[in-house]
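Chemist: Got a structure for you, written out below as structure tokens; questions coming shortly.
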Amino acid sequence: MRPWKFSLLMVAAGAGVFALALAIRSDYLFFAGYVVLQFIVLATAWNILGGYCGYVNFGTAAFFAIGTYTTVALHKIGANSGRYLSGTLGELLQPLFPLSVPALVILSGAVAGVIGLGMGYLTLRLRGVFFAIATLAMAVVLQTLVINWEFVGGSRGAYIIREESLPMVGFKLGYVQYLFAIMLLLAAVALSVARLIERSRLGYGFATIRDDEMAAEAAGVPTLRLKLIATAISGALMGMAGAPYPYYIGYVEPAGTFGLQYAVNSIAMPMIGGTTSWAGPLIGAILLGSMQQIATVTISSAVNLLLVGVLLVVFVVIAPNGIMGLIFDWQHARRKP
Amino acid sequence: MDIPVDLLINAVVAGLLIGGFYASVTAGISISFGMLDIVNIAHPGFIILGSYIVYIINSTTGADPVVTAIVMLPVFYFLGMGIYLVYYAAFERRGQEALRGLAFFFGLLFITEVGLILAFGVDYRYVEARYIGPTWHIGFVDLPLRMLVPCVVSLLMVLGLQLFLMKSFIGRAIQAVAQDQLALQLLAANPTRIKRVAFGVSIATAALAGAFLIIIQPVEPSVGREYIGRAFAICVLGGMGSLPGAVIAAMLLGVVESFTATFYGPSWAPAVSFGFLLATLAVRPAGILGR
Chain G
234 MRPWKFSLLM VAAGAGVFAL ALAIRSDYLF FAGYVVLQFI VLATAWNILG
284 GYCGYVNFGT AAFFAIGTYT TVALHKIGAN SGRYLSGTLG ELLQPLFPLS
334 VPALVILSGA VAGVIGLGMG YLTLRLRGVF FAIATLAMAV VLQTLVINWE
384 FVGGSRGAYI IREESLPMVG FKLGYVQYLF AIMLLLAAVA LSVARLIERS
434 RLGYGFATIR DDEMAAEAAG VPTLRLKLIA TAISGALMGM AGAPYPYYIG
484 YVEPAGTFGL QYAVNSIAMP MIGGTTSWAG PLIGAILLGS MQQIATVTIS
534 SAVNLLLVGV LLVVFVVIAP NGIMGLIFDW QHARRKP
Chain E
20 MDIPVDLLIN AVVAGLLIGG FYASVTAGIS ISFGMLDIVN IAHPGFIILG
70 SYIVYIINST TGADPVVTAI VMLPVFYFLG MGIYLVYYAA FERRGQEALR
120 GLAFFFGLLF ITEVGLILAF GVDYRYVEAR YIGPTWHIGF VDLPLRMLVP
170 CVVSLLMVLG LQLFLMKSFI GRAIQAVAQD QLALQLLAAN PTRIKRVAFG
220 VSIATAALAG AFLIIIQPVE PSVGREYIGR AFAICVLGGM GSLPGAVIAA
270 MLLGVVESFT ATFYGPSWAP AVSFGFLLAT LAVRPAGILG R
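Below you can see the structure in the form of structure tokens.
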């Protein structure tokens with residue numbers, strides 16, 4: 234299938250899901266669905282670097298929080314534009330504020346992508362594990378920065394007041410529905426990007442890095458440049474997933490935004506689904522994401538996190554290629570009896 | 020800024036004391052990551068586990084935390100061996116340690132943390148011992164015993180480990196694995212068996228480090244995460260598999276953190292280790308005493 238056809242299909246599928254959700258008319262469905270969609274974006278983004286290149290990123294929460302706090306800062310500037318935007322430059326920028334959510338998503342993606350690029354430049358020239366450890370430490374440091382940054386609320390957190398609904402032509406669209414639609418579109422974009430990479434020169438370059446970086450380097454693959462591209466794309470998508478979050482939740486504080494659940498979920502979902510294709514993170518995110526939404530309501534949120542950790546360990550030990558790998562093996566076994 | 024001399028010296032002393040404790044946290048990682056090439060990011064999780072076991076025994080029987088930890092050493096040793104067996108069978112033998120091995124340890128870290136939260140909640144836990152309250156004063160220098168005892172025992176532990184690695188047969192075998200695993204196989208030795216022992220030793224150090232941690236400060240399950248960045252920064256800065264290097268790097272990090280906390284405020288201290296790590300990786304990846 235052509236990439237543009239696939240993208241159209243994804244958008245059409247998204248529209249279908251949205252129409253179905255609207256038809257069911259349950260606000261809870263939108264609330265829960267938003268989280269699942271957010272994890273589809275995060276898992277797909279993680280997989281671009283982790284699954285395709287073989288470089289582990291433990292800093293999903295950090296990239297997610299970069300998006301979230303970019304939104305918080307820009308929202309605050311927009312809400313008090315008279316105070317923060319003075320001088321000639323400020324007057325030029327003033328008509329742009331307050332920014333709409335799609336604009337915030339794009340800006341957050343840019344910020345997170347640039348930070349990912351910088352991080353990668355410092356650590357990707359060394360062995361892969363240093364990058365992994367650096368991303369782990371980066372989450373702690375960014376959290377420290379945010380705690381000490383009074384402008385976005387410091388450790389007390391910040392409230393974001395959103396409108397009740399969006400005035401649309403013909404009918405009123407609730408704000409949660411609006412955010413759900415944005416996240417749906419973002420998931421479609423992330424999956425299209427992942428599939429496009431998979432079938433392109435870039436994707437084959439990534440695969441050579443994953444399989445044998447030394448040999449790839451010797452064969453003339455520009456490994457550092459490819460790794461930096463992967464880190465920037467992956468970081469940007471994670472930042473984009475974080476951008477609408479303050480509007481969704483209404484109140485953000487560092488401990489929650491930097492929570493370990495983002496890091497563990499975005500690793501567990503591709504690992505459980507299968508890391509070599511775009512469908513793996515999608516399957517993993519839908520399965521684990523819905524399971525957690527159900528378990529949070531029926532059991533408790535701590536138990537479902539424990540479940541994710543146990544599933545991650547069990548899958549990497551027993552089924553290293555995830556559900557996609559199991560399906561593949563099963564098909565092979567059937568073909569050759 | 021005019022800095023009083025006694026404040027300065029006290030900051031240095033506090034940094035050295037906490038650095039001694041960091042040495043015990045890093046010792047295990049220096050062995051597993053530096054020598055065996057096993058990226059055990061779950062190590063801080065085992066340290067917290069050690070803290071909680073010490074807490075349980077101390078709060079029920081009143082036993083001394085350090086003595087409890089020494090009694091626990093064999094338990095942690097066998098735990099480490101068991102984990103290595105799984106790690107070897109599932110990842111190392113198949114050559115998949117880079118991606119899935121890391122995810123495996125990350126999962127273990129997560130399971131210990133969430134498991135402890137489920138069992139004990141997120142309240143801070145602490146232990147009781149005679150040396151936790153009092154402070155020695157030498158001139159204007161304060162030496163809280165709460166910090167001094169872990170620091171001294173920790174340095175003794177690292178010294179013991181270093182002697183074990185330099186003098187004993189198995190210790191030298193571990194160093195041989197660190198140097199060239201293939202050559203060892205050609206000599207008909209079994210690197211897997213040696214690595215199993217070494218990984219057991221590295222996890223055993225977590226029991227003592229856990230006891231030190233809960234003596235120094237009250238502990239809750241997610242404290243461990245702060246030590247991942249620190250321990251790996253120290254390990255890399257000290258020169259991967261070098262224990263003396265790790266002690267020097269630990270003291271250095273302790274002093275810099277203590278200065279940051281004294282002059283800029285404690286909320287900035289966690290950022291220091293990351294700066295150290297990035298600076299080391301960018302400037303001298305081999306570390307201070309690296310080969």
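Here the protein sequences come in this chain order: G and E. Take 234 as the starting number for the first sequence in this note's numbering and just add one per residue. Take 20 as the starting number for the second sequence in this note's numbering and just add one per residue. Here a beta-carbon is modelled for each residue, glycine too, at the ideal position from N, C-alpha and C.
Does the beta carbon of G/Val549 come closer than 8 Å to any beta carbon on chain E?
Modeler: Cβ-Cβ to chain E under 8 Å: yes for G/Val549.
Chemist: In its own chain, which residues sit with a C-beta less than 8 Å from the C-beta of G/Arg371, not counting the 5 before and 5 after it?
Modeler: According to the sequence displayed, residue 371 of chain G carries Met and not Arg. Closer than 8 Å at Cβ, skipping near neighbours: Gly292, Ala295, Met352.
Chemist: When the distance is taken between beta carbons, is E/Ile234 closer than 8 Å to E/Arg165?
Modeler: A contact, by the Cβ cut-off of 8 Å.
Chemist: Can you find a C-beta in chain G that's less than 8 Å from the C-beta of E/Ala138?
Modeler: Answer no: the Cβ-Cβ gap between E/Ala138 and chain G never drops below 8 Å.
Chemist: Using 8 Å as the Cβ pair cut-off and three pairs as the minimum, do the segment 362 to 381 of chain G and the segment 286 to 293 of chain E touch?
Modeler: As far as the Cβ criterion goes, the segment 362 to 381 of chain G touches the segment 286 to 293 of chain E, which means the pair count is three or higher.
Chemist: Where does E/Trp287 sit, in a helix, a strand or coil, going by DSSP?
Modeler: E/Trp287: helix per DSSP, three-state reduction.
Chemist: Specify the secondary structure class of G/Trp511 as computed by DSSP and reduced to three states.
Modeler: Note: G/Trp511 maps to coil in three-state DSSP.
Chemist: Between the C-alpha atoms of G/Leu332 and E/Gly38, what's the straight-line distance to the nearest angstrom?
Modeler: Their backbone Cα atoms lie some 47 Å apart in a straight line.
Chemist: Going by DSSP, which residues form a beta bridge with G/Arg360?
Modeler: Note: G/Arg360 sits in no beta bridge, so no partner.
Chemist: On a Cα-Cα basis, can you pick out the residue from G/Ile532, G/Ser533, G/Leu540, G/Ile380 that is closest to G/Leu520?
Modeler: Answer by Cα proximity: G/Leu540.
Chemist: Put E/Pro163 into one of helix, strand or coil per three-state DSSP.
Modeler: Looking at E/Pro163 - three-state DSSP - the assignment turns out to be strand.
Chemist: Quick test of your reading: G/Gly506 and G/Leu493, contact by CB under 8 Å. State the CB separation rounded to the nearest angstrom.
Modeler: Not confirmed; about 20 Å, so no contact.
Chemist: Just the Cα atoms here: how many angstroms apart are E/Ser261 and E/Gly47?
Modeler: Rounded to whole angstroms, E/Ser261 to E/Gly47 spans 11 Å at the Cα level.
Chemist: Checking the sheet assignment: what are the DSSP bridge partners for E/Thr154?
Modeler: According to DSSP, which records beta bridges pairwise, E/Thr154 is partnered with E/Pro163.
Chemist: Give me the chain G residues within the contact set of E/Pro263, using Cβ-Cβ distance strictly less than 8 Å, ordered along the chain.
Modeler: Simply none; closest approach about 22 Å.
Chemist: Give, in chain order, every residue of the segment 337 to 352 of chain G whose Cβ lies closer than 8 Å to some Cβ of chain E.
Modeler: So nothing in the stretch comes that close.
Chemist: Quick check: what's the CA-CA separation for E/Val73 versus E/Ser221?
Modeler: The alpha-carbon atoms of E/Val73 and E/Ser221 are separated by roughly 18 Å.
Chemist: Determine the direct distance from the alpha carbon of E/Leu175 to that of E/Ile67, and round the result to whole angstroms.
Modeler: When rounded, the distance between both Cα atoms is 21 Å.
Chemist: Whose Cβ in chain E lies nearer than 7 Å to the Cβ of G/Met473?
Modeler: Residues of chain E passing the Cβ test: none, with the nearest at roughly 24 Å.
Chemist: Assuming G/Leu418 and G/Gly247 make a contact with CB atoms under 8 Å, what is their CB distance in whole Å?
Modeler: Going by Cβ atoms, the distance from G/Leu418 to G/Gly247 rounds to 6 Å, so yes, they are a contact pair.
Chemist: Mind listing which residues of the segment 449 to 466 of chain G have their C-beta closer than 7 Å to chain B's C-betas, in chain order?
Modeler: No chain B appears in this structure, whose protein chains are G and E.
Chemist: Span of the alpha helix (DSSP H) holding G/Leu544?
Modeler: Counting along the chain, the alpha helix (DSSP H) containing G/Leu544 begins and ends at 534 to 551.
Chemist: Does DSSP classify G/Val454 as helix, strand or coil?
Modeler: Three-state DSSP puts G/Val454 in coil, outside helix and strand.
Chemist: Less than 8 Å between CB atoms is the rule here; does E/Pro304 satisfy it with respect to chain G?
Modeler: So yes, E/Pro304 belongs to the interface.
Chemist: Thinking C-alpha only, which one of E/Leu271, E/Ala298, E/Phe295 is nearest E/Ala33?
Modeler: Checking every option, the nearest Cα to that of E/Ala33 belongs to E/Leu271.
Chemist: With 8 Å set as the bound, which would you pick, yes or no: does the beta-carbon of G/Thr356 sit closer than that to a beta-carbon of chain E?
Modeler: For G/Thr356, the answer is yes, since a Cβ of chain E falls inside 8 Å of its Cβ.
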